[in-house]
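What follows is one structure encoded as structure tokens, with my remarks underneath.
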Amino acid sequence: MSLDAYPLVSDWLTPEQDRLLIHTGKVDIGQRISTALVRIVQEELALPPGQLGIAPVRTGHAPDEGITSGSNSIEQSGRAVAAAAATLRARVLDIAVAQQGGEPANWVLEDGFVHRTGTNIRISLIDLAGDLPPNLPIDPDLPRHSPAQSPKPDMRGITEMVTGTFTFLHDLDLPGMWHARRISPPHAKATLQEIDGSAIDKAEAKGIQVIRDGSFLAVAGPREWDVVKAARSLGIACTWDLGGGFPETDVFAHLAPENADRFPVVDGTPQKAPVPDALDAPDLSARFERPYQMHGALAPSAALAEWTGTELDIKSHSQGIYPLREAIADSLELSTDKVEITHVPGSGCYGHNGADDAAFEAALIAIALPNTPILLKWSREDEHAWEPFAPAMAVQVDAKMTDGCVTAFSAEAHSDTHRGRPRPGPNRAGPAKLLANRFRADAMAPYIAPPNMGKHAGMHRNLDPIYAFPEKRLVKNLVQNLPHRTSAMRCLGAVTNVFAIECTMDDLASQTGMDPIAFRQAHLTDPRASAVLRELERRLDNRGPRPDGTGRGIAYAQYKNAMTRVGIAVDVTVTDAADVRLDHAIIVADSGRVIDPDGLTAQLEGGFIQAASWALCEEVTWDRDGITSRDWDSYPVIRFDNVPDIEVVLLDTFDNPSVGAGEASPGPTVAAIANAIQDCTGLRMRRMPFTADALKQAALAL
Amino acid sequence: MTLSLTINGTRHDIASDPDTPLVYVLRDELKLKGTKLGCGLEQCGACAVMVDGKVVLSCVSPVEVFDGQEITTIEGIADTEIGQRVQQAFIEETAAQCGYCTSGLVVAATALLSDTPAPDSAATKEALTPHLCRCGSHPRVLRAIERACAS
Chain Y
344 MSLDAYPLVS
354 DWLTPEQDRL
364 LIHTGKVDIG
374 QRISTALVRI
384 VQEELALPPG
394 QLGIAPVRTG
404 HAPDEGITSG
414 SNSIEQSGRA
424 VAAAAATLRA
434 RVLDIAVAQQ
444 GGEPANWVLE
454 DGFVHRTGTN
464 IRISLIDLAG
474 DLPPNLPIDP
484 DLPRHSPAQS
494 PKPDMRGITE
504 MVTGTFTFLH
514 DLDLPGMWHA
524 RRISPPHAKA
534 TLQEIDGSAI
544 DKAEAKGIQV
554 IRDGSFLAVA
564 GPREWDVVKA
574 ARSLGIACTW
584 DLGGGFPETD
594 VFAHLAPENA
604 DRFPVVDGTP
614 QKAPVPDALD
624 APDLSARFER
634 PYQMHGALAP
644 SAALAEWTGT
654 ELDIKSHSQG
664 IYPLREAIAD
674 SLELSTDKVE
684 ITHVPGSGCY
694 GHNGADDAAF
704 EAALIAIALP
714 NTPILLKWSR
724 EDEHAWEPFA
734 PAMAVQVDAK
744 MTDGCVTAFS
754 AEAHSDTHRG
764 RPRPGPNRAG
774 PAKLLANRFR
784 ADAMAPYIAP
794 PNMGKHAGMH
804 RNLDPIYAFP
814 EKRLVKNLVQ
824 NLPHRTSAMR
834 CLGAVTNVFA
844 IECTMDDLAS
854 QTGMDPIAFR
864 QAHLTDPRAS
874 AVLRELERRL
884 DNRGPRPDGT
894 GRGIAYAQYK
904 NAMTRVGIAV
914 DVTVTDAADV
924 RLDHAIIVAD
934 SGRVIDPDGL
944 TAQLEGGFIQ
954 AASWALCEEV
964 TWDRDGITSR
974 DWDSYPVIRF
984 DNVPDIEVVL
994 LDTFDNPSVG
1004 AGEASPGPTV
1014 AAIANAIQDC
1024 TGLRMRRMPF
1034 TADALKQAAL
1044 AL
Chain S
2 MTLSLTINGT
12 RHDIASDPDT
22 PLVYVLRDEL
32 KLKGTKLGCG
42 LEQCGACAVM
52 VDGKVVLSCV
62 SPVEVFDGQE
72 ITTIEGIADT
82 EIGQRVQQAF
92 IEETAAQCGY
102 CTSGLVVAAT
112 ALLSDTPAPD
122 SAATKEALTP
132 HLCRCGSHPR
142 VLRAIERACA
152 S
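These protein sequence lines are chains Y and S, in that order.
The numbering of the first sequence is the working numbering, which starts it at 344 and goes up by one.
The numbering of the second sequence is the working numbering, which starts it at 2 and goes up by one.
Here's what the structure looks like:
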């Protein structure tokens, strides 16, 4: 996809002074894609790290690679940059041969130079790259070069992060810059009736500007703490029409086929076709549920915007600067060339959080205050209450068995949309998905997303079990008009689907009296999947039997049934207070050819820990007054005191293509923890999070 | 009366209002941007600094509380041998993902090792529990602290 739209070497790699610049549309969101891209070019061209840079990811300059999501960056940007580097390598060798003679085989690339072996002829690679024609097409069929030695782990930015000199968007500090905060309504149904005029006077007397557009309200001023205080006082001075209160819908009751648009899913893809009948007399039936959960970025969303009177310059930590530019330009009736967005890192985002909304809101404030750079930061409460959540989800599983083998398997996923990103589309989809447009004077109705019919997209990601079951019945049930705005969070539906499938596999194994790994192996046909589970079993054998009083659970999944294969084993203890303590975890992964082993390990570990947090802690709560999980006390997440020892094993299958890994470990993590709790306590936990209260309730229900 | 703070060994007269939480004074008045604002509620640890050798979260307490005290921010961590060791170990273990929690964790780890040169795993985890990391860099941070102790 990326290569088709950007087929030239110079789309991806350009010499600039003494460096080679890598151009990418993918952005760093904590997943280290820029480090991986640098390593790809280093492996191909043997340039020292100091001679490689990443060009700013800016609209109008960077390749438009859509959204940085779906674990696609290595397969899209990575593949394109690798092919560009391979072409550049071949062509600079051609030039060297043409200028200095010999055969290509006489020449090597080392340490930034093209060197003719056995001579002292060394030509700067950057200089030779400068001699290439600017319209040189990429040859996508050239083989990747395999250096004798991989580059050393060298994560971009690590030294700056550790010394406090890494610049996040939140740290930008331009001359004349003002700070801004929004004043949020109590909840999404509320509209602003009036503001006590004396509060506005008081704010203005302190040099604070109040910006209002319908029910969108913000304050801006030169000093951040004054702005924070003004936002608080003004918040108290507002009178809101509460619109009858926030709906207290019983969402899990609502997640049912009778409320849904229903689509059978075949080979991971939804079909516009009648839904097949349910399985007759299944041997096992169970429903698995996940509540609304949030991305919960450590840094609340932020953006910097400046309006010159004709043009908008925005700095954003959005995952998709090109779609965002279209949505913002459309909202403001500007042509897209009047809006420039540059990506500047925020904290890790794990999907579509408040970044895009904050960028648009900063633009609204900047337009009210021309020629003043505006740094808008959401508060912690804003982020917790207003980011688009991961939708609540329910998966109904039914299975039939004969002679210890699954003969028929049905899985029905139910959830609201995972597609809340401000992508352009019919009915001004982009603007309709920007939060502030719901509150401005000319308010837009909340966007109703059409069903995502893509392969392994949305809620049906990993709904299709990877196992060779003779009969499969898979259904996507899209339920809309639920209380909360929802969008994409790491893994989309794969977490709940893998949770449901892999707990069911354990329960089926238990019905047959088989070991959970052996039962899975008996239903797998993919040799690489079997190899992952064999390695997991070997590691568990080395570790020995689990200690008395503890539980061990395993799970397996291949992300989107096409990317990284992951097997996980978790040992847990359940305390007398019913708290689940994570003791030890083993993660075995096959991502094909490994580019950045340390970065891959970090993604697998990080995915495990985030998923453990979802499994054990996280749940968005609300009542008729609005969201009640508004901080880290009311929305607890995993902390250092429950981090287990984690052993990561990478099966580097060098001859296979590199596949994405950023979302590979969370699904099996949740399932392995649930299976370990079952092993330890006999309790089959079917709704996340598995809190002490939930375990106690499950025990009482026995 | 002018408020003054000693930050990383240098005395600063402070112009901000005395009710301003320390983190805003550090970041906005003194342009020490290494200390991060994460919640403003003393719940996430991103804003950790050392005050007279102890970890203090700087996002709530007003700056006047710190009058006359010795404050060390991430920018001053390398002034001690322990701080240098911690930073080097974080680099060697690549103990960060997005890096937003990292300054606070480096400060907390330095304070921990200054107080307890060889903490066991439980003591390390307890000391870091006030600090959130959402990317899941925890195992690397724990390995970095072990490495810093060993070196």
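Glycine included, every Cβ here is placed at the ideal spot set by N, Cα and C.
Note that the coordinates shown come from a computational prediction; the quantities given were computed from them, not determined experimentally.
Any C-beta of chain Y under 9 Å from that of residue i
i, result
"V142(S)", "yes"
"P22(S)", "yes"
"K55(S)", "no"
"P131(S)", "yes"
"I15(S)", "no"
"S62(S)", "no"
"C134(S)", "yes"
"S138(S)", "yes"
"S115(S)", "no"
"C40(S)", "yes"
"I75(S)", "yes"
Exposed unless 16 or more other CB atoms sit within 10 angstroms - verdict on residue i
i, result
"K34(S)", "buried"
"A792(Y)", "buried"
"V749(Y)", "buried"
"L1043(Y)", "exposed"
"T653(Y)", "exposed"
"E418(Y)", "buried"
"D700(Y)", "buried"
"V1013(Y)", "buried"
"E704(Y)", "buried"
"G84(S)", "buried"
DSSP bridge partner residues for residue i (one or two, in chain order)
i, result
"Q739(Y)", "R630(Y), E755(Y)"
"H727(Y)", "Bridge partners of H727(Y): none, in fact."
"W965(Y)", "I970(Y)"
"T612(Y)", "V609(Y)"
"P22(S)", "P63(S)"
"I657(Y)", "A648(Y), I684(Y)"
"L396(Y)", "Looking at the sequence shown, residue 396(Y) is not Leu but Gly. DSSP output for G396(Y) lists L364(Y) as bridge partner(s)."
Short Cβ contact (9 Å threshold) for residue i with residue j
i, j, result
"G689(Y)", "Y101(S)", "yes"
"A898(Y)", "R908(Y)", "no"
"H638(Y)", "V822(Y)", "no"
"T502(Y)", "I92(S)", "yes"
"G763(Y)", "P731(Y)", "yes"
"D556(Y)", "F782(Y)", "yes"
"L627(Y)", "L655(Y)", "no"
"L23(S)", "P63(S)", "yes"
"F752(Y)", "P794(Y)", "no"
"Q98(S)", "G137(S)", "yes"
"L947(Y)", "S1008(Y)", "yes"
"G942(Y)", "Q442(Y)", "no"
"N999(Y)", "K903(Y)", "no"
"S420(Y)", "G1005(Y)", "no"
"A737(Y)", "F631(Y)", "yes"
"G586(Y)", "A533(Y)", "yes"
Chain S within 9 Å of residue i, Cβ atoms only
i, result
"A837(Y)", "no"
"T506(Y)", "yes"
"F732(Y)", "no"
"R566(Y)", "yes"
"R1030(Y)", "no"
"V571(Y)", "yes"
"M736(Y)", "no"
"D516(Y)", "yes"
"G949(Y)", "yes"
"S722(Y)", "yes"
Nearest neighbour of residue i, chosen from the options [CA to CA]
i, options, result
"P358(Y)", "A428(Y), L346(Y), Q374(Y), G409(Y)", "A428(Y)"
"I930(Y)", "S956(Y), A831(Y), A912(Y)", "A912(Y)"
"A1123(Y)", "R1029(Y), L1038(Y), L1045(Y), A1037(Y)", "This structure leaves residue 1123(Y) out entirely; chain Y is present only between 344 and 1045."
"D933(Y)", "N885(Y), R982(Y), L876(Y)", "L876(Y)"
"D29(S)", "T829(Y), T534(Y), H488(Y), V570(Y)", "V570(Y)"
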